[in-house]
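For reference, the structure discussed in these notes is given below.
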Amino acid sequence: MAIKLHNTLSGQKETFTPSKRGLFGLGRPQVGMYHCGPTVYNYIHIGNLRAFFLADILRRTFEANGYKVKQVMNVTDVGLLESDNAEDKMTVALKREGKPLTLEAMRELADFYTEAFKKDLTDLNILMPHKLPKASEHITEDILVVQKLEKKGFAYRIADGIYFDTSKADDYGKLGQVPDLDNEKSRIGLNQEKKNPRDFALWKFNESLGWPSPWGKGFPGWHIECSAMSMKYLGETFDIHTGGIDLIPIHHNNEIAQSEHATGKVFARYWLHNAFVNVGEAKMAKSAGNYIALRDLVAKGYSPMDYRYFLLGARYSSPLNFSFEALDAAKNARERLVAVMCELPWKENGKSGKVNTEYWNKALAFASDDLDTPKILALVHEILRDSALAPADKKATILKIDSLLGLAKPEEPKKAEPIPAEVQKLLDGRAAARTTKDWKKSDELRDQIAALGWSVKDTAEGQKIEKR
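Residue 5 is where the sequence shown starts when you use the working numbering, and the numbers rise one by one after that.
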């Protein structure tokens, strides 16, 4: 089925065409996608998580259409500067948490928040990317890209670092048709040494914290990291790049400029951007004081899947207004859906339910039309109301459609609970009683074990015990 996506680069909805197929152009079509990942200096807020939800729905749609997907999401653990004179966010986090300003402490901090981020992905049933590269582990790749730009005359040196000369990039700012890039001066920061206000750092000098380079000790600019990592794992030209709409004017335009002038090739062919999650009239952000992490929702009694249902209720490109009233509505709707699905039988008359092809094709068409998840949710409820469809077929069809929605989260394997010494003693005694065929004693010990909250099964391999 043809996949149509709204490409920020053209401003149009376009039919996706794969750049790669299998060997000799045969076999499954392939798609490479790169997603701007988290800066791991704190817990990720639920507004940030929408970008990773977009990546998940995109991957699910391509896989359902038979594509072989290669998905890369970076982890920014160094180098994120919001302006020329700002501190790297990881350095700010080290000071916040009273840690020493060393690369070792930075790695420890990043590892902690990276694991927290990965838990958020798992809790939201977001498929883990195939590659999750860390910026700090790709310094060599960053340097190579900067050297290419320097050789071609696009880089220059000033007191605090190496900068990209945007005046030499005639098409700078082409993503999103940004009308007046000079209005972004406040975000880029004013540095009197720069040739142009919108020029951006490729490498920042820092004698106390950083890595050696041909220009001096320091660390890479935020933008160069994404270019280097995406091109390493996906090639100099790849299919899809995603992120939040706030990344369009600066970060993504900078990625395009430095990548395309380093290689002489198109960087990413399609760009997708998710809209904000707002609280009231304001974008959710730590600086705005309306920050909510997924763990905060869980502490209030919500399931992470309630938030996933909430996100599914709007197309990724539409702004979403978060409130606990809206989350309550999503929670109630999801729980009703789960209850109905649990009541539907797997089989009827000894036969398993079958997927209704017509409904599945509709769901896939909605997903393939720029990821229209609200229509897929509406279709699920239409299926439940369809009296002509057998209950087991409803169940099979909705579970198939859920491969696009991701609401049915796989259960984690149960961890074996340690057997208390008291229970183990009774279990050993029972084994001895069975050896001597003292069935009365065996039954008495089984009852004592059950009274302690454990159940015993006798199998060909011996006694099997588990917590009740």
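Cβ atoms here follow ideal geometry from the backbone N, Cα and C, with glycine treated the same way. All figures in this text were calculated on a predicted structure; none of them were measured in a lab.
In the DSSP assignment, W350 falls outside any beta strand (DSSP E), carrying neither H nor E. Ranking I143, E112, T95 by CA distance to the CA of I228 puts I143 first. L408 is the residue among L408, A400, V344 whose C-alpha sits nearest the C-alpha of D374. Residue environment analysis places T12 among the buried positions, since at least 16 neighbouring C-beta atoms fall within 10 angstroms of its C-beta.
Residue environment for K399: buried (at least 16 other C-beta atoms within 10 angstroms of its C-beta).
Counting along the chain, no beta strand (DSSP E) covers Q452; the unbroken alpha helix (DSSP H) around it starts and ends at 443-455. In the structure shown, E465 adopts coil according to DSSP, grouped into three states.
Note on the region 152-225: whole beta strand (DSSP E) runs with a minimum of 3 residues are 159-162, 165-168, 204-209, 222-224, in chain order. Only residues of its own chain outside the window of five on either side were considered, and among them E197 have a CB closer than 7 angstroms to the CB of A163, listed in chain order. For the pair A6 and S372, the CB atoms are nearer than the 9 angstroms cut-off. If one requires a minimum length of 3 residues, the beta strand (DSSP E) runs lying completely within the region 58-83 are 72-77, in chain order. In the three-state reduction of the DSSP assignment, H49 falls in the strand class, which pools E and B. Looking at the DSSP output, Y38 sits in a beta bridge with V76, H245. When beta bridges are read from the DSSP output, Y274 appears opposite I244. Secondary structure at N257: helix, using DSSP grouped into helix, strand and coil.
A direct Cα-to-Cα measurement between V283 and P323 gives close to 11 angstroms. Between the beta-carbon of M77 and that of H39 there is about 4 angstroms, and that keeps the pair under the 8 angstroms contact cut. In this structure, the CA atom of M345 is about 17 angstroms from the CA atom of W364.
The region 105-125 makes contact with the region 42-56: 3 or more CB pairs, one atom from each, lie closer than 8 angstroms. For Q34, the closest C-alpha among the options K172, E119, L238 is that of L238. In this chain, T118 is not harboured by any beta strand (DSSP E); it is covered by the alpha helix (DSSP H) spanning 107-127. Residues of the same chain with a CB within less than 8 angstroms of the CB of A68, apart from the 5 flanking positions on each side, are L368, A371, S407, L408 in chain order.
Taking one beta carbon from each stretch, the region 302-314 and the region 207-215 have fewer than 3 pairs nearer than 8 angstroms; the two do not touch.
One Cα belongs to L348, the other to E448, and the distance between them is close to 40 angstroms.
Out of E211, G466, R472, H265, the CA that lies nearest to the CA of L153 is found in H265. Look at S307 here: in three-state DSSP terms it is coil, with no helix or strand label.
In the DSSP secondary-structure assignment, W458 is bridged to K471. Cβ contact annotation for T19 (same chain, cutoff 6 angstroms, sequence separation greater than five): A6, K8, in chain order. By the neighbour-count criterion, in which a residue is buried when 16 or more other Cβ atoms sit within 10 angstroms of its Cβ, P422 is exposed.
Counting other Cβ atoms within 10 Å of its Cβ, P137 reaches 16 or more and is therefore classed as buried. Going by beta carbons, Q151 and P224 fall outside the 9 angstroms limit. D243 places its beta carbon less than 9 angstroms from that of Y274. When the five nearest sequence neighbours on each side are left out, the beta carbons in the same chain lying within less than 6 angstroms of the beta carbon of K72 are those of R32, Q34, in order along the chain. Residue T43 holds the alpha-carbon nearest to the alpha-carbon of F121 among K103, V96, T43. Per the DSSP secondary-structure output, E339 pairs with nothing in a beta bridge.
The C-beta of Q16 has fewer than 16 other C-beta atoms within 10 Å across all chains shown, which makes the residue exposed.
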